[in-house]
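Read in order, the letters of the sequence shown correspond to residues -22 to -1, 1 to 447 in mature numbering (1 follows the signal peptide of the UniProt record, and there is no 0).
To start, the structure under review is shown below, and the notes come after it.
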Amino acid sequence: MKWLTIGLFALGPAFLSPALAAADGPATGPLKVHPSNPRYFADASGRAVFLTGSHTWANLQDQGPESSSPPFDFARYLDFLSERNHNVIRLWAWEQARWAPWSDGKGSNPADWFIAPNPYARTGPGTALDGKPRFDLSRFDEAYFDRLRTRVRQAGERGIYVSVMLFQGWSASKAWLGGTPWRGHPYHPDNNVQRFNGNKHGDSGPALDDPQVRERQAAYIRKVVDTLNDLDNVLYEVTNEGGDKNWDWFVVDAVHAHEKTRPRQHPVGLTGHGSESNDEMTASPADWFSPGSKDWPDLEIDPRAVDGRKVSLLDTDHVFGVGGDPQWVWKAFLRGHNILFMDPYDDPAWTPILAAQGVGVRDAEACRRAMGHARRYASRIDLAASRPAGELVSTSFALAVPGREYLAYLPDGGPATIDVSAAKGRLVVEWMHPTTGRITPGEPVEGGAIRTLKPPFAGAAVVYLKTSP
């Protein structure tokens, strides 16, 4: 969640392809790692699924600098996703009811921050530090879990998978920001009727190695799983940019263990960028992970190809913070990653916070559109059989089923060479503008050799070659 933006520019609504406006059917699942191509998940039919979508910080709990901050319009958000052909979100969960690392009142940062609803019931007796009734840690707030279930179900009806965030690293103190979210956390001893102290040695959030903390967290995990188990479109993620290896794996195991007692099993992932290395996450018992640029700085400019050890949901949140551009989207897609975009979503509560970090929020549309166009091709190609095949293309960005089909990206335009030596006969050629989605037929080429192609328009281009029937 570091703040940085690069190379974004705007596209107007005139560029929306009619094909992208078509509604998806319901999401089917539960997703499982594809047995023959573990870079992707498979849906209930066994079809390989490419996941891509925008997510934003307030899409589950209402939040902002005022206690009366307007509620998040989830129906409008689903329309926004469908219009851009997105099919996955992260559903952000925050543990504290008030205050945040950035609510220090400095510069344009707010002096306060409110988040509701919360998982635990606020029954009192007594008043918490935020001025509301204390939490009862033995009782969950059913309004929170009703909202959680409703939003996941509504997304699934629109063909959208949901990565349900269980915990939140930014609900603990962050050294480089001045806010104190621990003061608003239910496990703070002044905030709950049990006087339970979730950190006896500091104010940096719950002590993750404390057995009593883990016991309460495990009860919460079971409640989330029981709330969502019958839904097909669920993924779980342990925490956003928090935790440590021992605790992260404890949460993964806790979800897996409880789901074994339930009818459905869903993928569990790690997004622990900054607290657990990429190599540790790929070696974990998780089903997927979101790699970070701290360990792999190449992810910012030239994302490495997925090696198939774990499904990668490559998220701009763990690469740039708020950033990325259409070139980055296409490079990442053709290197075998699924793609998530940390979306400012023009949220007025977040605009000044991002502005203080030098982040523009109005020019993200090209990135969103490119993701939707990438998904169009992912649904057309034989994704289950495709592999990153940079060695076949002079630009080094390609997915291919050698001998049958090739999808390549030319970030600087053409000419470029594509090795179709494994293909026999003629291949049809199709060009697409990577941000507008405009498709232009190309001249067919013969297989059996390395061919040089040049796009019929200036600038970056996507080219798709497939053997003729």
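Positions of the beta carbon are idealized from the N, C-alpha and C atoms, including for glycine.
Residue closest to residue i, alpha-carbon to alpha-carbon, out of the options
i	options	result
ILE417	HIS351, GLU215, SER374	HIS351
ARG382	SER399, PRO393, VAL371, ALA394	SER399
SER271	ALA401, GLY252, TRP160, MET410	GLY252
VAL423	GLY220, VAL441, HIS12, LYS110	VAL441
GLY137	PRO245, ASP210, GLN190	ASP210
ASN256	HIS296, VAL229, HIS236	HIS296
ASP188	ARG287, ALA197, ASN177	ASN177
PHE45	GLN243, PRO88, PHE435, VAL300	The question names Phe, but residue 45 in the sequence shown is Ser. Per the Cα distances, PRO88.
ASP222	LYS201, ALA235, GLU258	GLU258
GLY392	ARG62, PRO433, TRP266, ALA367	PRO433
TRP266	TRP274, ASP280, HIS244, ILE279	HIS244
SER290	ARG313, PHE298, ASP280, TRP91	ARG313
ARG100	GLY437, LEU443, ALA121, ALA196	ALA121
GLU343	PRO103, PRO412, LEU69, ASP397	PRO412
LEU115	VAL203, VAL130, ARG365, PRO167	PRO167
HIS64	ASP273, PRO447, TYR355, LEU361	TYR355
PRO48	LEU69, GLU369, PRO380, ASN37	ASN37
HIS315	ASP280, ILE331, HIS163, ARG242	ASP280
SER364	VAL371, VAL216, PRO380	PRO380
residue 459	TRP35, THR6, ARG358, VAL27	The displayed coordinates of the chain run from -22 to 447. Any statement about residue 459 would go beyond what the structure contains.
TYR98	ASP90, LYS110, TRP91	LYS110
LEU69	ARG25, ALA22, LEU318	LEU318
Beta-bridge pairing of residue i - partner residues as DSSP gives them
i	result
CYS366	Looking at the sequence itself, residue 366 is Pro, so the reference to Cys does not match. PRO366 pairs with LEU377.
VAL246	TYR214
HIS33	MET320
residue 452	Look at the range of the chain in this structure, -22 to 447, and you will see that residue 452 is not part of it.
GLY42	PHE92
ILE396	VAL371, ARG429
Nearest-angstrom beta carbon gap, residue j and residue i [assumed within contact, 8 angstroms]
i	j	result
ILE199	LEU144	6 angstroms
TRP72	GLN39	6 angstroms
ALA348	PRO304	4 angstroms
ASN218	THR260	The Cβ separation is near 18 angstroms, so there is no contact.
ARG117	GLY102	Going by Cβ atoms, the distance from ARG117 to GLY102 rounds to 12 angstroms, so no, they are not a contact pair.
HIS234	PRO263	7 angstroms
ALA310	LEU388	ALA310 to LEU388, Cβ: 16 angstroms. No contact.
GLY183	GLU215	Not quite, the Cβ-Cβ distance comes to about 18 angstroms (not below 8 angstroms), so this is no contact.
VAL307	LEU213	21 angstroms between Cβ atoms; not a contact.
ALA106	ASN169	4 angstroms
Delimiting residues of the beta strand (DSSP E) encompassing residue i
i	result
SER290	289 to 293
GLU383	383 to 388
PRO304	Segment 304 to 311 is the alpha helix (DSSP H) holding PRO304; no beta strand (DSSP E) there.
LYS444	439 to 445
PRO419	417 to 419
ILE428	428 to 431
GLU278	Taken as a continuous stretch (DSSP letters only), GLU278 belongs to no beta strand (DSSP E), as it is neither H nor E.
ARG404	404 to 410
Residue range of the unbroken alpha helix (DSSP H) whose run includes residue i
i	result
ASP57	52 to 61
ALA344	343 to 358
Any chain B beta carbon closer than 9 angstroms to residue i
i	result
LEU206	Among the chains of the structure shown, chain B does not appear; only one protein chain is present.
- Message: So within the segment 132 to 173, which uninterrupted beta strand (DSSP E) runs reach at least 3 residues, ignoring any that extend past its ends?
- Response: 139 to 146
- Query: In chain order, which continuous runs of the alpha helix (DSSP H) of length 4 or greater are located wholly inside the segment 178 to 226?
  - Reply: 189 to 206
- Query: At what residue ranges does the segment 52 to 129 contain a whole run of the alpha helix (DSSP H), taking only runs of 4 or more?
  - Reply: 52 to 61
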